[in-house]
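In order, the protein sequence lines correspond to chains A and B.
Quick note, my numbering runs 43 ahead of the 1-based positions in the first sequence.
Quick note, my numbering runs 1220 ahead of the 1-based positions in the second sequence.
A virtual CB, placed ideally from N, CA and C, is assigned to each residue, including glycine.
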Amino acid sequence: GENVEQHPSTLSVQEGDSAVIKCTYSDSASNYFPWYKQELGKRPQLIIDIRSNVGEKKDQRIAVTLNKTAKHFSLHITETQPEDSAVYFCAASRRSGYSTLTFGKGTMLLVSP
Amino acid sequence: SQTIHQWPATLVQPVGSPLSLECTVEGTSNPNLYWYRQAAGRGLQLLFYSVGIGQISSEVPQNLSASRPQDRQFILSSKKLLLSDSGFYLCAWSVGQLYYGYTFGSGTRLTVV
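Right under this line is the structure:
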């Protein structure tokens, strides 16, 4: 089955800096890669996703890039703000009827004012 | 609109006691339902998922079981809890494909003492 590795496990940045979280996956047939954000004590929520026919996708201050050859994808957050502090999870799946999401172990992002 | 209800929010149970966590979804029909566990505040581990009434797929052999007695109801159970069952249990739902558009419940924090 799919295996998703996520790095780093913890990331501390100053407000205004950029943050990058990286994930690798093992199943070359995976073609759907969402990112979820979980604030302390709350439920994970989808913030952005990318499909394998797209190399990059942006939504305001967040962007996701995908390198299918290397089997890795990354989340980029620019101009970080304290409210960006949370645990971020990457995930991967095949876009097929019976494939569930496989999540990475998460990255705790701390943005200091 | 669709909503997901999960209860209780917090639970403290002694080792060896039974467990029943319930999740219900409103505003949609024939959802895919999932149980995830998050141990020590990190990592989302898929425990069970269901594509229909009475259909349960288990991802990890363990001390837990799941049932889906009604279309929008998903129950996580254990006959005898272990210390290692402590964690944050999240129910989620999606419609259509199993990999896409997860909406998570607010979670149950279970502490086994």
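(message) So the candidates are A:89, A:46, A:80; which of them puts its Cα closest to the Cα of residue 66 of chain A?
(response) A:46
**Request:** Return the bridge partner residues of residue 102 of chain A from the DSSP annotation.
**Result:** A:105
> According to DSSP, is residue 126 of chain A helix, strand or coil?
Replying inline: helix
Host beta strand (DSSP E) of residue 63 of chain A (start-end): 62-68
query = Where do the ends of the beta strand (DSSP E) carrying residue 1286 of chain B lie?
reply = 1285-1290
Report task. Give a yes or no on whether the minimum CB-CB distance between residue 143 of chain A and chain B is below 8 Å. Result -> yes
Cβ contact (3+ pairs, closer than 8 Å) linking the region 1294-1306 of chain B and the region 1236-1254 of chain B: yes
- Starting from residue 80 of chain A and walking both ways along the beta strand (DSSP E), at which residues does that stretch end? 75-81
Notebook entry, point to check: Which residues mark the beginning and the end of the beta strand (DSSP E) in which residue 1254 of chain B is found?
Noted result: 1252-1259
*Out of A:121, A:68, A:139, point me to the one whose CA is closest to residue 58 of chain A's CA.*
A:121
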